[in-house]
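Enquirer: Have a look at this one before I ask anything.
Numbering (this note's numbering), first residue to last: 8 to 89.
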């Protein structure tokens, strides 16, 4: 392989804002923010909105969507047409 054409892979901390958890993983992503990890080293920090810690598919938690309330609200607003 040619040298100098691939991005540098290094440890990066990904922090899930929804679940308030953090993961140390290897990535090529860049960040200007840093965080001190439990091992005493400082790593780049990337905030994410959702990860396997907060996504319902991975956690096994289901979210109830109130479709009946939406339908009733629509019918109240616009009326049922026969």
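Backbone N, C-alpha and C fix where the C-beta goes; we use that ideal spot for every residue, glycine too. Please read these numbers as outputs of a predicted model, since none were measured by experiment.
1. Quickly, what does DSSP pair residue 41 with across the bridge? List them, please.
2. Mapping DSSP to helix, strand and coil, what is residue 78?
3. Would you give the residue range spanned by the beta strand (DSSP E) that residue 34 belongs to?
4. Would you list the residues sitting across from residue 18 in a DSSP beta bridge?
5. Going straight from the alpha carbon of residue 20 to that of residue 11, what length do you get?
6. Inspect the beta-carbon positions of residue 61 and residue 52 and report whether they are closer than 8 Å.
7. Leaving out five residues on either side along the sequence, give the residues of the same chain with a beta carbon under 8 Å from the beta carbon of residue 55.
8. For residue 34, which residues of its own chain have a beta-carbon under 6 Å away from its beta-carbon, when the five flanking residues on both sides are left out?
Expert: On the basis of the data shown:
1. The sequence position of residue 41 within the chain shown is 34, counting from 1. Answer by DSSP bridge pairing, in chain order: 51.
2. By 1-based counting over the chain shown, the position of residue 78 is 71. Note: residue 78 maps to helix in three-state DSSP.
3. As a first step, residue 34 must be located in the chain shown, where it is residue number 27. It spans 28-34 - the beta strand (DSSP E) in which residue 34 sits, taken as one unbroken run.
4. Counting from one through the chain shown, the residue named residue 18 turns up at place 11. Bridge partners of residue 18: 33.
5. Within the chain shown, residue 20 is the residue found at index 13, counting from 1. Within the chain shown, residue 11 is the residue found at index 4, counting from 1. Going by the C-alpha atoms only, they are around 25 Å apart.
6. Your numbering for residue 61 matches position 54 in the chain shown. Your numbering for residue 52 matches position 45 in the chain shown. Not a contact, by the Cβ cut-off of 8 Å.
7. Position 48 of the chain shown, counted from the first residue, corresponds to residue 55. Contacts found: 21, 22, 23 and 24.
8. Here residue 34 is taken as the residue at index 27 of the chain shown, counted from 1. Hits under 6 Å: 19.
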